[in-house]
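Structure, as structure tokens:
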Amino acid sequence: MPYFMQMGDIPRKRFSQFQRPEGGLYAAEVMGEEGFSSNMSLLYHRHAPSAVTKCDVVAHPQQEQEGLTPNHPLLPRLFTTTGLQTSADPVLDRTVLCGNSDVRVSFMVSEKPSSLYRNAQGGELLYVHDGSARLETVFGSIDVARGDYVVIPKATTHRWVPTGSEPLRALVFETAGHVRPPRRYLTAYGQYNQEAPYSELDLRRPQGPMLTEGREVDVLVKNRNGLTRYTYQRHPFDVVGWFGCNYPYALNISDFSPITGSFHRPPPVHQVFEAPGCVFCNFVPRMLDYDPRAMPIPSYHSNVDSDELIFYAEGNFFSRKGSGIERGALSLHPAGHIHGPHPDAYQGGAARVGQHTEECAVMLDTFKPLLLGGAALSSERPDYYTSWNAR
Numbered sequence: 041m042p043y044f045m046q047m048g049d050i051p052r053k054r055f056s057q058f059q060r061p062e063g064g065l066y067a068a069e070v071m072g073e074e075g076f077s078s079n080m081s082l083l084y085h086r087h088a089p090s091a092v093t094k095c096d097v098v099a100h101p102q103q104e105q106e107g108l109t110p111n112h113p114l115l116p117r118l119f120t121t122t123g124l125q126t127s128a129d130p131v132l133d134r135t136v137l138c139g140n141s142d143v144r145v146s147f148m149v150s151e152k153p154s155s156l157y158r159n160a161q162g163g164e165l166l167y168v169h170d171g172s173a174r175l176e177t178v179f180g181s182i183d184v185a186r187g188d189y190v191v192i193p194k195a196t197t198h199r200w201v202p203t204g205s206e207p208l209r210a211l212v213f214e215t216a217g218h219v220r221p222p223r224r225y226l227t228a229y230g231q232y233n234q235e236a237p238y239s240e241l242d243l244r245r246p247q248g249p250m251l252t253e254g255r256e257v258d259v260l261v262k263n264r265n266g267l268t269r270y271t272y273q274r275h276p277f278d279v280v281g282w283f284g285c286n287y288p289y290a291l292n293i294s295d296f297s298p299i300t301g302s303f304h305r306p307p308p309v310h311q312v313f314e315a316p317g318c319v320f321c322n323f324v325p326r327m328l329d330y331d332p333r334a335m336p337i338p339s340y341h342s343n344v345d346s347d348e349l350i351f352y353a354e355g356n357f358f359s360r361k362g363s364g365i366e367r368g369a370l371s372l373h374p375a376g377h378i379h380g381p382h383p384d385a386y387q388g389g390a391a392r393v394g395q396h397t398e399e400c401a402v403m404l405d406t407f408k409p410l411l412l413g414g415a416a417l418s419s420e421r422p423d424y425y426t427s428w429n430a431r
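According to the numbering used here, the residues represented by the sequence shown are 41 to 431, in order.
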């Protein structure tokens with residue numbers, strides 16, 4: 041996260057003593073990436089953030105049963121999220137859909153607050169499909185709603201509090217590393233450059249500080265070995281102030297300004313984030329190619345090096361009309377399978393030169409094959425692979 045921010049009470053100098061009004065020192069916590077050689081933030085707690093009174097292993101049925109299976113035979117797949125039911129905890133009871141060693145994709149449906157949680161295994165990126173919530177963190181809180189991306193840095197203590205009258209429904213990507221803006225969108229000094237499709241002005245940062253009081257508070261911590269429950273002597277949301285470039289933030293998909301052209305623009309122009317082993321793109325309402333000779337619809341293509349997972353969030357997905365894709369669907373087009381628009385859409389594509397599309401979709405491209413979860417397979421449309429056949 042390249043945008044420096046400060047909030048609340050902080051000392052004049054980094055790593056200097058910070059005196060409490062009643063005497064003594066505030067407890068400074070450094071959250072630094074890549075061995076403290078990359079982005080960092082310095083948080084000042086009222087109490088020592090490492091004071092733990094109890095520690096337990098947590099057996100969680102979802103983790104024990106979320107085995108993923110290879111996509112074999114190699115097929116394009118179509119799943120749906122519309123039938124997923126609400127669950128007790130927005131973090132612990134997510135429905136795993138697919139994943140590999142770089143990223144795990146799941147879906148959250150909940151009306152109740154989550155446990156206090158810290159993912160020490162990697163960063164998290166969420167796309168809010170329906171509902172609204174308040175994300176409470178050690179950095180402060182962010183109110184989010186439909187169409188929001190939410191980036192939660194690795195090891196950020198947080199909890200989700202659904203708000204409003206409908207359940208919070210969100211697509212969740214848990215990565216093996218840090219979620220960042222694409223490097224090509226940034227100058228050598230970390231500012232978004234003028235060619236980037238969004239900028240610092242579009243990012244919504246935490247509000248606070250929260251200054252929550254409490255004793256003997258449980259926090260669930262995830263790492264590659266599973267879940268651990270720490271009982272902290274004091275509530276972790278006791279930060280009086282912080283500064284730095286490592287913190288959670290939100291970006292609404294409507295603030296992504298699409299890059300268009302006279303002829304087809306390749307998928308990288310739609311990129312919004314990246315993480316180790318994967319990239320995230322989105323397709324938003326935009327003008328289609330406007331040269332009279334243009335074919336304003338994607339070509340048939342084979343992903344030579346990546347699997348392509350698309351979540352169809354809103355609108356009219358004209359290039360796949362007739363294939364069964366609707367709001368809340370997920371398509372998986374694996375490396376080695378030739379796919380693209382529906383034949384009727386391709387033949388009628390020339391008539392769409394200069395027109396406008398209203399589709400809104402989120403895409404994940406991975407460079408390792410995506411394995412499939414049982415919940416996805418149970419909602420699969422089995423004849424999807426035949427949807428390119430002539431009618």
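In this text, a Cβ means the ideal position worked out from N, Cα and C, and glycines have one as well.
Euclidean distance between Cα positions of residue i and residue j
i, j, result
"aspartate 133", "arginine 421", "24 Å"
"threonine 126", "valine 149", "5 Å"
"histidine 379", "glutamine 46", "47 Å"
"leucine 108", "serine 141", "11 Å"
"methionine 265", "histidine 100", "The amino acid at residue 265 is misidentified as methionine; the sequence shows asparagine. About 12 Å."
"glutamine 105", "valine 131", "Legend: pLDDT at glutamine 105 = 49, less than 50; position of this residue unreliable, value from coordinates given subsequently. Between glutamine 105 and valine 131, the C-alpha separation is close to 16 Å."
"leucine 417", "threonine 122", "14 Å"
"arginine 333", "arginine 392", "11 Å"
"glycine 64", "serine 172", "40 Å"
"valine 280", "arginine 144", "34 Å"
"phenylalanine 351", "tyrosine 66", "45 Å"
"aspartate 301", "tyrosine 289", "Per the sequence shown, the amino acid found at residue 301 is glycine instead of aspartate. Glycine 301 and tyrosine 289: Cα-Cα distance of roughly 30 Å."
Residue i versus the options, residue with shortest Cα-Cα distance
i, options, result
"glycine 48", "Pro113, Phe179, Val98", "Phe179"
"threonine 120", "Tyr424, Arg392, Trp428, Pro153", "Tyr424"
"glycine 414", "Phe296, Val136, Asp295", "Val136"
"phenylalanine 446", "Arg54, Thr397, Ala88, Pro237", "In the structure as shown, the chain begins at 41 and stops at 431. Residue 446 is therefore absent and cannot be evaluated."
"proline 222", "Arg274, Gln273, Pro202, Phe320", "Phe320"
"alanine 128", "Thr197, Val201, Gly187, Gly162", "Val201"
"alanine 375", "Ser346, Val402, Glu151", "Ser346"
"threonine 203", "Leu175, Val212, Gly217, Lys194", "Leu175"
"proline 113", "Val279, Gly394, His373, Arg54", "His373"
"valine 433", "Tyr84, Asn292, Arg269", "Missing from the structure shown is residue 433; the chain here goes from 41 to 431 and no further."
"leucine 115", "Gly355, Met403, Leu349, Asp384", "Leu349"
Per-residue DSSP class, three states only, for residue i
i, result
"serine 302", "coil"
"isoleucine 337", "coil"
"arginine 158", "strand"
"valine 131", "coil"
"valine 319", "strand"
"aspartate 183", "strand"
"arginine 223", "helix"
"leucine 243", "coil"
"histidine 198", "strand"
"aspartate 49", "coil"
"arginine 60", "coil"
"valine 178", "coil"
"aspartate 309", "The residue asked about is misnamed: residue 309 is valine in this sequence, not aspartate. Helix."
"threonine 126", "coil"
"phenylalanine 55", "coil"
"threonine 121", "coil"
"phenylalanine 76", "coil"
"glutamate 214", "strand"
"serine 297", "coil"
"phenylalanine 147", "strand"
Per-residue burial, residue i [other beta carbons within 10 Å of its own, 16 or more giving buried]
i, result
"serine 56", "exposed"
"arginine 158", "buried"
"threonine 197", "buried"
"valine 70", "exposed"
"phenylalanine 44", "exposed"
"leucine 251", "exposed"
Quick one: which unbroken alpha helix (DSSP H) runs of 4-plus residues sit fully inside the stretch 346-430? Chain order, please.
Annotation note: the stretch 346-430 contains the following uninterrupted alpha helix (DSSP H) runs of length 4 or greater, listed N- to C-terminal: 383-387, 414-418.
Curious, which full-length alpha helix (DSSP H) runs of at least 4 residues does the stretch 230-295 contain?
Runs of the alpha helix (DSSP H) inside the stretch 230-295: none found.
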